[in-house]
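Participant: Residue numbers (our numbering), protein chains in the order written: chain A, 27 to 266; chain B, 28 to 954.
Glycine residues also receive a C-beta, built at the ideal position from the N, C-alpha and C atoms.
Here it is, the structure in full.
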Amino acid sequence: MATVISSQTKPRPPAHPIDILNSDTARLYTHIHPILVLSIYAFQFPSIVADPVPALIKTLIPLAALQIAYVAICLPPTGGTATPVIDKKKPGEKKKVEGSLAKTIVPAFLSLITATILSTPLLTATLVLFGAPLTTHHAHTLLAGAHISFLSTLPLVYVHGVDGATWREIIALLRPVDEVYGGMIGTVVGAWLGAIPIPLDWDREWQKWPVTIVSGAYVGWAVGKLLGGLVFKGKKIMFE
Amino acid sequence: MALRTVLLTVANLLIPVAILIFATGFFPYKPFMPGLAEYEKLGWEQAMGWKEESVPEAPFDKLVFMVVDALRSDFVFGEDSGMSFVQSLIREGTALPFTAHAASPTITMPKVKAMTTGSIPSFLDVILNFAESDTTSTLSTQDTWLAQLRAKQGGKLVMYGDDTWLKLFPGFFERADGTSSFFVSDFTEVDNNVTRHVPEELLNSDWNAMIMHYLGLDHIGHKAGPKSPNMLPKQKEMDGIVRDIYSAIENEDHLSKTLFVLCGDHGMNEGGNHGGSAAGETSPALVFMSPKLKDISQHMEKVSPTKPKDKGGEFEYYRMVEQSDIAPTLAGLLGFPVPRNNLGVFIKEFLSFWPHAADRIRLLLRNARQMKMIVEATYPNLSFEDESKAAGNECEPPLSDGQDLACKWHGVVDTMSTTSRHLTAEHRIDQLFWFLTAAQEKMSSTASNYDVPRLIIGTVLTFVSVLVTLFTLPSLRRITPPGVAYTLTIILYSVLMFASSYVEEEHNFWYWATSGWFFCLFISKSRKEWQSKFVFHPAIMLLVTHRIIRRWNQTGQKYAGADDIVHSGIFHGNTSFILWALVGATYMDITIRISRHVARSILVFDKGSSSEDSQAVDANRFMGVIAVLPLGATAFVFKLAFTARDAPELTYGINQGLIQWVEDLSLVDVARMVFAGTALSAVWITISEWKRNRDRRGEGSGDLAIALFDLLSLFLITQTKAQNIPLYLLFRFQFFFLSLLDLTPAAITTTTLLLIQTSFFALGNSNAISSIDLSNAYNGVSGYNVIAVGLLLFLSNWAGPIYFTAASSLLLSSPGRPRRNIAMNEVDSRDWVQKEREHLERMAKSEEEGRKRRESSEVWGRHVGLMTLWVGVATGSVMVACTVLRTHLFIWTVFSPKYLYAMAWGIAFHFGGTLGLGSLVWRAGRW
Numbered sequence: 027m028a029t030v031i032s033s034q035t036k037p038r039p040p041a042h043p044i045d046i047l048n049s050d051t052a053r054l055y056t057h058i059h060p061i062l063v064l065s066i067y068a069f070q071f072p073s074i075v076a077d078p079v080p081a082l083i084k085t086l087i088p089l090a091a092l093q094i095a096y097v098a099i100c101l102p103p104t105g106g107t108a109t110p111v112i113d114k115k116k117p118g119e120k121k122k123v124e125g126s127l128a129k130t131i132v133p134a135f136l137s138l139i140t141a142t143i144l145s146t147p148l149l150t151a152t153l154v155l156f157g158a159p160l161t162t163h164h165a166h167t168l169l170a171g172a173h174i175s176f177l178s179t180l181p182l183v184y185v186h187g188v189d190g191a192t193w194r195e196i197i198a199l200l201r202p203v204d205e206v207y208g209g210m211i212g213t214v215v216g217a218w219l220g221a222i223p224i225p226l227d228w229d230r231e232w233q234k235w236p237v238t239i240v241s242g243a244y245v246g247w248a249v250g251k252l253l254g255g256l257v258f259k260g261k262k263i264m265f266e
Numbered sequence: 028m029a030l031r032t033v034l035l036t037v038a039n040l041l042i043p044v045a046i047l048i049f050a051t052g053f054f055p056y057k058p059f060m061p062g063l064a065e066y067e068k069l070g071w072e073q074a075m076g077w078k079e080e081s082v083p084e085a086p087f088d089k090l091v092f093m094v095v096d097a098l099r100s101d102f103v104f105g106e107d108s109g110m111s112f113v114q115s116l117i118r119e120g121t122a123l124p125f126t127a128h129a130a131s132p133t134i135t136m137p138k139v140k141a142m143t144t145g146s147i148p149s150f151l152d153v154i155l156n157f158a159e160s161d162t163t164s165t166l167s168t169q170d171t172w173l174a175q176l177r178a179k180q181g182g183k184l185v186m187y188g189d190d191t192w193l194k195l196f197p198g199f200f201e202r203a204d205g206t207s208s209f210f211v212s213d214f215t216e217v218d219n220n221v222t223r224h225v226p227e228e229l230l231n232s233d234w235n236a237m238i239m240h241y242l243g244l245d246h247i248g249h250k251a252g253p254k255s256p257n258m259l260p261k262q263k264e265m266d267g268i269v270r271d272i273y274s275a276i277e278n279e280d281h282l283s284k285t286l287f288v289l290c291g292d293h294g295m296n297e298g299g300n301h302g303g304s305a306a307g308e309t310s311p312a313l314v315f316m317s318p319k320l321k322d323i324s325q326h327m328e329k330v331s332p333t334k335p336k337d338k339g340g341e342f343e344y345y346r347m348v349e350q351s352d353i354a355p356t357l358a359g360l361l362g363f364p365v366p367r368n369n370l371g372v373f374i375k376e377f378l379s380f381w382p383h384a385a386d387r388i389r390l391l392l393r394n395a396r397q398m399k400m401i402v403e404a405t406y407p408n409l410s411f412e413d414e415s416k417a418a419g420n421e422c423e424p425p426l427s428d429g430q431d432l433a434c435k436w437h438g439v440v441d442t443m444s445t446t447s448r449h450l451t452a453e454h455r456i457d458q459l460f461w462f463l464t465a466a467q468e469k470m471s472s473t474a475s476n477y478d479v480p481r482l483i484i485g486t487v488l489t490f491v492s493v494l495v496t497l498f499t500l501p502s503l504r505r506i507t508p509p510g511v512a513y514t515l516t517i518i519l520y521s522v523l524m525f526a527s528s529y530v531e532e533e534h535n536f537w538y539w540a541t542s543g544w545f546f547c548l549f550i551s552k553s554r555k556e557w558q559s560k561f562v563f564h565p566a567i568m569l570l571v572t573h574r575i576i577r578r579w580n581q582t583g584q585k586y587a588g589a590d591d592i593v594h595s596g597i598f599h600g601n602t603s604f605i606l607w608a609l610v611g612a613t614y615m616d617i618t619i620r621i622s623r624h625v626a627r628s629i630l631v632f633d634k635g636s637s638s639e640d641s642q643a644v645d646a647n648r649f650m651g652v653i654a655v656l657p658l659g660a661t662a663f664v665f666k667l668a669f670t671a672r673d674a675p676e677l678t679y680g681i682n683q684g685l686i687q688w689v690e691d692l693s694l695v696d697v698a699r700m701v702f703a704g705t706a707l708s709a710v711w712i713t714i715s716e717w718k719r720n721r722d723r724r725g726e727g728s729g730d731l732a733i734a735l736f737d738l739l740s741l742f743l744i745t746q747t748k749a750q751n752i753p754l755y756l757l758f759r760f761q762f763f764f765l766s767l768l769d770l771t772p773a774a775i776t777t778t779t780l781l782l783i784q785t786s787f788f789a790l791g792n793s794n795a796i797s798s799i800d801l802s803n804a805y806n807g808v809s810g811y812n813v814i815a816v817g818l819l820l821f822l823s824n825w826a827g828p829i830y831f832t833a834a835s836s837l838l839l840s841s842p843g844r845p846r847r848n849i850a851m852n853e854v855d856s857r858d859w860v861q862k863e864r865e866h867l868e869r870m871a872k873s874e875e876e877g878r879k880r881r882e883s884s885e886v887w888g889r890h891v892g893l894m895t896l897w898v899g900v901a902t903g904s905v906m907v908a909c910t911v912l913r914t915h916l917f918i919w920t921v922f923s924p925k926y927l928y929a930m931a932w933g934i935a936f937h938f939g940g941t942l943g944l945g946s947l948v949w950r951a952g953r954w
């Protein structure tokens, strides 16, 4: 079937993949970051299995901190691109670092708020649609939604803002792949695949709700981020 | 094109052939030894000092055999049991309690066979259980303790209760009163029918065996589970009957030598169902009672009530024996030869009845000789002679099963032949039990009985079919989402068939895959056109509907009995009007739809060919409603009347006068009226559409297909339990949303595959025998008609998949859309009309596509090809799993039932549903 995007009222500029900031720190940290996040998750894993709700809340805080650090260090905030800041300033200016950090840390926190208030309920609802328990385990599902949201949505909000048209493209998988977008797709697919082990009769504690979903999301996010940033960067997802 | 059709036909014909060949290898028909057993020559007369034909004196001459259906061990022995009298007998020592292990399949008929013949019934009996009138499954020609007792001098049998016994033993009983377990809502009448005969029979002295089979407890289980408030009163009622019979045995002279056996034929799981192999299902109680037992029970455990054993699961009370042990034990206690096909072992606690060691050995030796004959027949190449082989090399490991048994038998022979005084009787008895238990274990596990070459031939043929189907499919150059989803689904399914827990929880896979696919549809559609209210996007609505559907019935093993929408209580008791409002809405919807078709048909006959594009006018619509309303109303009344009897708890909220009125109706007649009315409407509409088609040159609109689909829906909901009928309203929504999505043929096929499976499980089915729903198999059938009942049984259990098969044919041919002629150059090209223009353009385009699709058989051929590929892969993977895992612990409990289901899917559903009904609706869509 032919794609009919031509009918849109105002033409949109072609979308570009997100490049990470042009600094050594950014290039380095973007690879350290998933290792840190996964390490913290792995470290917390036994307590998440033992008692999901408090452990998931506890893990949410370092996750949020790390994600904020990641977007602030590595990614261009909404409207910006990867290179402009350094080029425009004169060399040797002292306030450069603080200024750029101040410019990034505020949108990073705004993204955190958006991810908490807007995206978490939406993702929780999606989890319920996909079969999460509706009458019990409310806190479990909400926290799973929060983790998925912090992993997938927070960086996306930071780089794309809350522009409706962009988000439509994001949901419709029309954006070119980059590490942020790849991370989001990986998180969602990973969380979905995470449901597979639940019905097995191994009778392990980690099979209970929502441990496998959250674990799938973390692993999927790391894989998606890696593939999106390195292998498939700039490619568009072809559907048919 | 022609070659493709030929190949597809070959592939389709290969499937049933492969399935049947595999089945004959997988469920081999067990040959049984005909004729009644007689006391045979024992041997070792001189060594043991017994006479050749002599029999140890039997302590009992009469038997009261009381079966309480689904009497799980804890219902008698547990601390919460209501059977205090039985427990007092256990404490006194006049009752010997056991837990009798009932091998899967835990259904009444095979279990009665196990208890009476002592054999382990094969899975073939499950099929025969549903085709009960089949004469090969009766036990009239087999050796059972009933036949033995009847053959005794003056032997007369009486039987009261479940008519399974009357079917299994035709002409055996002097007096009998069978009750059928048709309505499981009947908790009292079925049992009163049995109990009313008891006092009278206890006064008669002419019988030597009285069999009773109570069904009420099982019905309570099916209806409300083991924790139902009705359970305890029922146990007390059963306890009272035991008390009556036991005191008669104590007081009446002619009953003084009566053995009283109380047992369950199987247990029940936490959901109250049975058929599978959960601990609860396989652990019925078994109690032997008689005042005489006090003599032998001095040294036995007499604690009651008690707790289950620490080591053996939740339901193992006292000692665990096999259910087949009942037959040889009765043979010894009542003095008759052990039935020929017996695989049971005499229960050793009863040996104390015979003070002389020689008598004990004689009993066991007869048991062992009888069992040895079966072993000999199974391993014809091995020697089971009575000659002692000193230090033969056959006992050296490694041993095959047969060699091991031969070795053990020769051990028996050795100990019997030795005259050494050092060899005590205990030694011989131990040796005999050693052989007996080993033979029981080996012979019961049917692992050795597979016909592996046939398994392989069947599997290979299936894969040939898969390969042939692959050739008929167009080359896969373009990777499309439906193609990927389809491929991933069948690959993942084949892998999961090797995991026993995923066979039990298969619904989870389909629910999961369907959610993913609907979300994928949402993304796919959003790429083309963004809907501002995306929450109400058809794909999202599909997802929402799917979420409700999957919670409707809890199914599978892991969470059996957990809460679902049906059991949440909103449909029960006084709020049952919610259920009936939904049911009514479903009936109303279908009735109105049918009335439109009838209205159109009236118009056809009214105006003849004068009107080309006939749209019904109001008057005709009104006529249509008038004509169809009786049919819809009758169908609804039938459902209400049936439910009032089958599940009265669902009709409490309904006006009682109405309920009383419907309860007086004859269900068979009303059901026949519904079926006849549906058939008549189908014929009428077909004739009118044929006439309309003939009058109108050129292509048709496919209205006939829609009419047939709506009539089919009416028939299917008639074959569905009331609490599941609202699901068809949801299915209807799904169908509507799917038609809004304008899917490509490949996407329709993938959706069909997923929804067929989802709807099957959503209606409460699973891969366990226990979930087969029999309640709607007798609609409109009086008496017993195997073909009609079998057909209705299939249709009522596969109603959801059949619905979506027809729906997919409709989606593929997308009929019922009148042709629109839009002159594009006349449409205003101003900006604000642009959108509308595109909308019209797209609509015209999709209509054009639908028309093209209908005209070429290519689309249908590809759909059938993909569905055949799916059936081939699914059946093939189940076959490989069954072959590879044939020694798996769960082979009889998980994989064999799955194979039975695969047979039904591969033969009945694929041919009757996809190829038969699907093609019919497809062809009708071209009219």
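Please report the straight-line C-alpha distance between TRP932/B and PHE938/B, rounded to a whole angstrom.
Facilitator: Residue numbering aside, residue 932/B sits at position 905 when the second sequence is read from its first letter. Residue numbering aside, residue 938/B sits at position 911 when the second sequence is read from its first letter. TRP932/B and PHE938/B: Cα-Cα distance of roughly 9 Å.
Participant: Would you mind listing the beta strand (DSSP E) stretches within the segment 645-708 of chain B that are 3+ residues and don't spill past its ends, in chain order?
Facilitator: none
Participant: On the DSSP bridge assignment, give the partners of GLU349/B in chain order.
Facilitator: As a first step, residue 349/B is located in the second sequence; it is residue number 322 there, counting from the start. Note: GLU349/B sits in a beta bridge opposite HIS128/B.
Participant: Using a Cβ-Cβ distance under 7 Å, would GLY543/B count as near chain A?
Facilitator: Within the second sequence, numbered from 1, the residue matching residue 543/B stands at position 516. At least one chain A Cβ lies under 7 Å of GLY543/B.
Participant: Straight-line CA distance for ALA198/A to SER551/B?
Facilitator: For the purposes of this step, residue 198/A is taken as residue 172 along the first sequence, with counting starting at 1. For the purposes of this step, residue 551/B is taken as residue 524 along the second sequence, with counting starting at 1. ALA198/A and SER551/B: Cα-Cα distance of roughly 7 Å.
Participant: Do you know offhand how far LEU677/B's Cα is from PHE669/B's?
Facilitator: For the purposes of this step, residue 677/B is taken as residue 650 along the second sequence, with counting starting at 1. For the purposes of this step, residue 669/B is taken as residue 642 along the second sequence, with counting starting at 1. Spanning the two alpha carbons is a distance of roughly 11 Å.
Participant: So, does the segment 284-299 of chain B touch the segment 85-94 of chain B, judging by three or more C-beta pairs under 8 Å?
Facilitator: yes
Participant: Start and end of the beta strand (DSSP E) containing THR956/B?
Facilitator: Summary: the structure shown does not reach residue 956/B, with chain B confined to residues 28 through 954, and so no result is reported for it.
Participant: Among residues of its own chain, excluding the 5 on either side of LEU500/B, which ones have a beta-carbon nearer than 8 Å to its beta-carbon?
Facilitator: For the purposes of this step, residue 500/B is taken as residue 473 along the second sequence, with counting starting at 1. Result list for LEU500/B: ARG889, GLY892, LEU893 and LEU896, in chain order.
Participant: So PHE788/B packs on THR613/B, CB below 8 Å; how close in whole Å?
Facilitator: For the purposes of this step, residue 788/B is identified with residue 761 of the second sequence, where counting begins at 1. For the purposes of this step, residue 613/B is identified with residue 586 of the second sequence, where counting begins at 1. The pair is not a contact, with the Cβ atoms about 20 Å apart (cut-off 8 Å).
Participant: Nearest-angstrom Cα distance between ILE139/A and ALA81/A?
Facilitator: In the first sequence, counting from the first residue as 1, residue 139/A sits at position 113. In the first sequence, counting from the first residue as 1, residue 81/A sits at position 55. Pairing ILE139/A with ALA81/A, the inter-Cα distance amounts to about 21 Å.
Participant: For VAL701/B versus THR661/B, is the C-beta distance shorter than 7 Å?
Facilitator: Within the second sequence, numbered from 1, the residue matching residue 701/B stands at position 674. Within the second sequence, numbered from 1, the residue matching residue 661/B stands at position 634. Yes.
Participant: Considering only residues of the same chain and omitting the five flanking positions on each side of TRP949/B, which have a CB-CB separation below 8 Å?
Facilitator: Numbered from its first residue, the second sequence carries residue 949/B at position 922. Excluding sequence neighbours, TRP949/B sits near ALA732, SER836, LEU839, SER840 and TRP887.
Participant: Does the beta-carbon distance from LEU180/A to SER137/A come in below 7 Å?
Facilitator: Against the first sequence, residue 180/A aligns to sequence position 154. Against the first sequence, residue 137/A aligns to sequence position 111. Cβ distance < 7 Å, so LEU180/A and SER137/A count as in contact.
Participant: Touch check for the segment 529-542 of chain B and the segment 215-226 of chain A: three-plus C-beta pairs under 8 Å?
Facilitator: yes
Participant: Report the three-state DSSP secondary structure of HIS240/B (helix, strand or coil).
Facilitator: Against the second sequence, residue 240/B aligns to sequence position 213. In this structure, HIS240/B counts as strand in the three-state DSSP scheme.
Participant: Determine which residues share a DSSP beta bridge with ARG21/B and list them.
Facilitator: Because chain B here runs from 28 to 954, residue 21/B falls outside it and cannot be looked at.
Participant: Between which two residues does the beta strand (DSSP E) carrying VAL314/B extend?
Facilitator: By 1-based counting over the second sequence, the position of residue 314/B is 287. VAL314/B -> beta strand (DSSP E) spans 312-316.
Participant: For LEU912/B, which three-state DSSP category applies?
Facilitator: In the second sequence, residue 912/B corresponds to position 885, counting from 1. LEU912/B falls in the coil class under three-state DSSP.
Participant: Find the nearest neighbour of ARG20/B within the set PHE736/B, VAL631/B, GLY791/B and THR572/B, judged by alpha-carbon distance.
Facilitator: This structure does not reach residue 20/B, given that chain B is present from 28 up to 954, and the question cannot be answered.
Participant: How long is the line joining the alpha carbons of VAL257/A and LYS560/B, rounded to whole angstroms?
Facilitator: Here residue 257/A refers to the residue found at position 231 when the first sequence is read from its first residue. Here residue 560/B refers to the residue found at position 533 when the second sequence is read from its first residue. So the two alpha carbons sit approximately 35 Å from each other.
Participant: I'd like to know whether the C-beta atoms of ASN803/B and SER786/B end up nearer to each other than 7 Å.
Facilitator: By one-based count along the second sequence, residue 803/B stands at place 776. By one-based count along the second sequence, residue 786/B stands at place 759. Their beta carbons are not under 7 Å apart, which means ASN803/B does not touch SER786/B by this criterion.
Participant: Spatial neighbours of HIS163/A within its chain, please: CB distance less than 8 Å, with the 5 preceding and 5 following residues excluded, ordered by chain position.
Facilitator: Position 137 of the first sequence, counted from the start, is the residue given in the question as residue 163/A. The residues are TRP235 and PRO236.
Participant: Measuring CA to CA, which of GLU875/B, HIS866/B and ALA826/B is closest to PHE936/B?
Facilitator: By 1-based counting over the second sequence, the position of residue 936/B is 909. Comparing Cα-Cα distances from PHE936/B to each of GLU875/B, HIS866/B and ALA826/B, the minimum goes to ALA826/B.
Participant: Verify whether the separation of the beta carbon atoms of ARG118/B and SER324/B is less than 7 Å.
Facilitator: Here the question's residue 118/B lines up with position 91 in the second sequence. Here the question's residue 324/B lines up with position 297 in the second sequence. No, they are not a contact pair.
Participant: Classify MET615/B as buried or exposed, calling it buried when 16 or more other Cβ atoms lie within 10 Å of its own Cβ.
Facilitator: One-based indexing of the second sequence puts residue 615/B at position 588. MET615/B should be labelled exposed.
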